[in-house]
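Have a look at the structure below, then the notes.
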Amino acid sequence: MKSGNFQSFHLDKPLMRSIYKKGYRMPTPIQRKTIPIVLDGNDVVAMARTGSGKTAAFLIPIIQKLKNHQAVNGSRALILSPTRELALQTHKFVRELTRFTDLRCETILGGDSMERQFAKIHDYPDIIIATPGRLLHIAVEMNLKFSKIEIVVFDEADRLFEMGFKEQLNEILSRLPKKRQTLLFSATLPQTIIEFSEAGLRNPILIRLDTETKISDDLKMIHLCCRNEDKLAALILLLKSVIKCDEEQTIVFLPTRHHIEFTKSILDHYGIKSTYLYSSLDSEARKMNIHSFYKKIVKVLLVTDLAARGVDIPLLENVINYNFPSKPKLFVHRVGRTARAGHLGTAYSLVSNDEIPYLFSLSLFLDHPFKVVSKGDTDEQVKRDQNSETLLGSIPQTLIDDQNETLTRLIDQNSDLDSMRKVCQSAYKLYLKTRGITDSESVQKSKTILQAKIEHHPIFSSNQSSNDHIDGLETKNADDLLIQNKRFEMLNSIKCYRPNTTIFELGNTKKNAIAFEVMKQKRKSTDQFIKRNIIDYSTTENSENKDIPKSFKDEDFFLKHKSDTFHYEKGLGLSQSFNNQIKNAILDFDGDEKETIAKRMNQQKWDRKKKKFVRSGDDENKIKKIRTESGNLISTSYKSGLYEKWQKKSKIRQKSISDGGKENEWNDNDNEHDEDLSNVCQKRNRSIHRMKSKESRKKSLRNDSTKKQIRSELKTSEEILKSRRKQMHRKLAIKNNETI
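Mapping of the sequence shown onto full-length UniProt numbering: position 92 corresponds to residue 92, and the numbering continues sequentially without gaps.
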């Protein structure tokens, strides 16, 4: 037996067959560290890079501990996922690992039929994979207790606690037994697990792997600087000329659903086959779109961040960030879908001027600096830097202009595209309002890049284009390149032109002559002082000590007041939901007079449903809620009576006692009050049944006394003779009439 393989975990033979059938031979680092701890029954908080095998790290020990199906005990493992895509992916993985066992696994997801989910619960599944909202709905409808759950898994735990599932998670956790094993898994988890105290952890073991690398070593990052107005043209240029979208699979991350619909229509006009995915998409359409991309029927997938959680595409080549993510860990989740299992991958990011601070935040988070392609760099230096460092470069303006002309002509000819573009512009304004704010250090560093000129990225250089056949960039002689560079410099100088004069000096007329003279005198007195204190940071490395000002400080000389992993841990921290942020940002002042206080209390608001003015209150009072047995408040919409209707329709009684005389998982042995209540209900039902049976007997006796004897349907011989005589008399009468 080799040390370090799956056999060292002492797993059962059916599970080992499934693992080898899946193609696994050696466990990954997260699996090697986590599986023994979970098998020992300890609570675990684990973090590892996307694609490192986290799903198998908690599924293998769960299957090993459950072993066989037990219909009497019912569900013993619960896996909570933030999105239905991730839940379906986990369910597929469970089916593959349990193919040689009799364990049952079911999914409880939003968007599916609740009647089918009621039937799934009645089938006693061993493992339930669910989203919090629908699981709570089912639990309230069926009054489930989850008293037999042994293991609870929070998959993508940071996303679960950030997406506003607090109400659902609190109620679900209150229905779980106290003696349970809790597992938290995610690709981005902070070191301080106090933010996950609501999960009910008991002496958890923290496992954080790959904290030094953060992203795969096989991932190549390319940052392209362009304006917001040119991003669509840059995207089409990347898909058509650089990536070759007909050959390689590509995921494009867009900010909103409206951007996805608009981009999908544009790509269709260009003949680029693509599919899309967003959170409000129908579940059946979502399955079809994922299947078409998974089977490589289409090679381009347009997604949003919310819908992309759980979309697992093996051997994905490219990821494109249409908008640079505002959080570093969001970038890690995006690019973590490529460069897996030793395969190469590329992440392209379109960075506008207002997104450069987020690029600096990412470099601090990853501890991986990037280099700006400058004018003085030679081709050899650029090629060497391209292989060793991450470069920030620009896109040739000629290529952008050609694509913009085609797009403008296409949109002008199609009124639908024009209206969709306007909707995208409005949606982008709302997106900017909800986008996070970066730290001041990144903003300060980004100003130096905004003032400098960014040269073309090496993937658009003349030598590179001759190899990759980029349309519009042919190898030219030195004179043509010189003319082209001068043209670019002139255009950039026009774009970046900022007048040195103030508003008082513009339009020198008699009205502002006094202000003009004041500013003129001020310039004479301050220009020399400003020039004397300006530091040229670009030449400080090659200058002598006497040229460096005395105010210069070496950042590595002094003791740091922050740890080396400060920016990394800050990027991994959990963020509040949008509703909580809004509540914290609101500041209302009470009135200081009787009239203002009364006016505030009697403030009214128009109600669309009631068609009248109603008194406006707090948001909590507007939502009708009920208090559960655990004391938590939940929405009244969770209790709608669907389960009782389904019981009458399917003729299934309330699940309390199984056929074998043993209680199932939904009945709590320790709750004497529930047993007494059930006994009272049974006695009442028996008495009602006896009364009904007595009434039915009395009615039957009355009917027997008054009921006549039932005639036989067969005729007697006398009746047959009588009928024949009547027929003879009729025939004789007819003959006599004819003779007369």
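Yeah, the Cβ is synthetic: ideal placement off N, Cα and C, and Gly gets one too.
Bear in mind the structure is a predicted one, so any value in this text is a computation, not a measurement.
### Query
By a C-beta neighbour count over all protein chains shown, 10 Å radius and 16 as the cutoff for buried, is Q249 buried or exposed?
That one is buried.
### Query
Quick one: Cα of R615 to Cα of W606, how far?
Straight-line spacing of the CA atoms in R615 and W606 works out to 9 Å.
### Query
In this structure, does DSSP put C424 in helix, strand or coil?
Note: C424 maps to helix in three-state DSSP.
### Query
Leaving out five residues before and five after I356 in sequence, what residues of the same chain have Cβ atoms less than 8 Å from its Cβ?
In the same chain as I356, and ignoring 5 residues on each side of it, the C-beta atoms closer than 8 Å to its own belong to C225, S446, I449, L450, in chain order.
### Task
Would you mind sorting I437 into buried or exposed? The rule is 16 or more other CB atoms within 10 Å of its CB.
Residue environment: I437 is assigned as exposed (fewer than 16 neighbouring CB atoms within 10 Å of its CB, all protein chains considered).
### Query
Alpha carbon to alpha carbon, how far is L97 from G345?
Taking the straight line joining both Cα atoms gives about 28 Å.
### C-beta contact flag for F293 and I272 at 8 Å
The answer is no: Cβ separation not under 8 Å.
### Query
Which runs of the beta strand (DSSP E), 3 residues or longer, sit entirely within the UniProt domain "Helicase C-terminal" (237 to 381)?
Listed in chain order, the complete beta strand (DSSP E) runs (minimum 3 residues) inside the UniProt domain "Helicase C-terminal" (237 to 381) are 250 to 253, 274 to 277, 300 to 303, 318 to 321, 345 to 351, 370 to 372.
### Query
Does the beta-carbon of M221 have 16 or more other beta-carbons within 10 angstroms, so that it is buried, or is it exposed?
Per the 10 Å Cβ criterion, buried.
### Query
Applying the criterion that 16 or more other CB atoms from any shown protein chain within 10 Å of the CB defines a buried residue, is A56 buried or exposed?
Under the 10 Å beta carbon count, A56 is surrounded by 16 or more other beta carbons and is classified as buried.
### Query
Using 8 Å as the threshold, is the stretch 200 to 207 in touch with the stretch 35 to 53, meaning 3 or more CB pairs across them?
Result yes; three or more Cβ-Cβ pairs closer than 8 Å.
### Query
Where does the unbroken beta strand (DSSP E) through T131 begin, and where does it stop?
Element bounds for T131: n/a, residue is neither H nor E.
### Query
Should the stretch 73 to 80 be regarded as contacting the stretch 326 to 339, the criterion being three or more beta carbon pairs within less than 8 Å?
No, because fewer than three Cβ pairs between the stretch 73 to 80 and the stretch 326 to 339 fall closer than 8 Å, the two stretches do not touch.
### Query
Alpha carbon to alpha carbon, how far is P125 from E106?
Cα to Cα, P125 sits roughly 6 Å from E106.
### Task
Taking L219 as the reference, give the member of L407, R608, K54, N318 with the closest Cα.
Minimum Cα-Cα distance from L219 among the listed residues L407, R608, K54, N318 corresponds to N318.
#### Entry: CB contact flag (K639, V140, <8 Å)
Their beta carbons are under 8 Å apart, which means K639 touches V140 by this criterion.
### residue 751 versus L417 - alpha carbon distance
Nothing about residue 751 can be read from this structure; the chain reaches only from 1 to 740.
### Message
Does K531 pass the burial test, meaning 16 or more other C-beta atoms within 10 Å, or should it be called exposed?
### Response
Exposed, by the Cβ-count rule.
### Task
Identify whether residue 746 lies in helix, strand or coil by the three-state DSSP scheme.
Because the chain here runs from 1 to 740, residue 746 falls outside it and cannot be looked at.
### Message
Can you tell me which residues form a DSSP beta bridge with S186?
### Response
According to DSSP, which records beta bridges pairwise, S186 is partnered with M47.
### Query
To the nearest angstrom, how far is it from the Cα of S52 to the Cα of I30?
Each residue's Cα considered, the two are about 7 Å apart.
### Message
With distance defined between alpha-carbon atoms, name the residue in I151, L732, D268, K610 nearest to K178.
### Response
From the listed residues I151, L732, D268, K610, the smallest Cα separation to K178 is found for I151.
### Task
Leaving aside the five residues before and after V680 along the sequence, list all residues of the same chain whose C-beta is less than 6 Å from its C-beta, in chain order.
Caution applies to V680, whose pLDDT of 44 falls short of 50 and renders its modelled position unreliable; the value that the coordinates give is listed next. None.
### Query
Does the beta-carbon distance from L301 to L281 come in below 8 Å?
Their beta carbons are not under 8 Å apart, which means L301 does not touch L281 by this criterion.
### Task
Using the Cα positions of L432 and Q484, report the straight-line distance between them to the nearest angstrom.
Taking the straight line from one Cα to the other gives about 35 Å.
### Message
Taking contact to mean 3 or more Cβ pairs, one atom from each stretch, closer than 8 Å, check whether the stretch 399 to 414 and the stretch 485 to 494 are in contact.
### Response
The stretch 399 to 414, when compared against the stretch 485 to 494, does not touch it at the 8 Å Cβ threshold.
#### Entry: Residue range of the unbroken alpha helix (DSSP H) whose run includes K445
Residues 440 to 451.
### Contact set for H456: own chain, Cβ-Cβ below 8 Å, skip 5 residues either direction
Close CB contacts of H456 within its chain, under the 8 Å cut and outside five residues either way in sequence, are with V373, G393, S394, I395, P396 (chain order).
### Message
On the criterion of 16 or more Cβ atoms from any shown chain inside 10 Å, does F529 qualify as buried, or is it exposed?
### Response
Label assigned to F529: exposed.
### Query
Thinking C-alpha only, which one of E284, F9, S186 is nearest S113?
Looking at E284, F9, S186, the one whose alpha-carbon comes closest to that of S113 is E284.
### Task
Inspect the CB distances between the stretch 162 to 182 and the stretch 115 to 123 and report whether three or more fall short of 8 Å.
Under the three-pair Cβ rule at 8 Å, the stretch 162 to 182 does not count as touching the stretch 115 to 123.
### When A307, K295, Y322 are compared against residue 817, the one with the closest alpha-carbon
The structure shown does not extend to residue 817, since the chain spans only 1 to 740, so no value can be given for it.
### Message
Taking the beta carbon of S147 as the centre, do at least 16 other beta carbons fall within 10 Å, making it buried, or is it exposed?
### Response
S147 is buried by the Cβ-count criterion.
### Task
Within 10 angstroms of the Cβ of N737, are there 16 or more other Cβ atoms? Answer buried if so, exposed if not.
That one is exposed.
### Residue from K33, F6, I35, R32 with nearest C-alpha to K21
For the residues K33, F6, I35, R32, the minimum Cα distance to K21 belongs to F6.
### Task
Enumerate in chain order the residues of its own chain whose CB-to-CB distance from V423 is below 6 Å, with the five nearest sequence positions on each side excluded.
H258.
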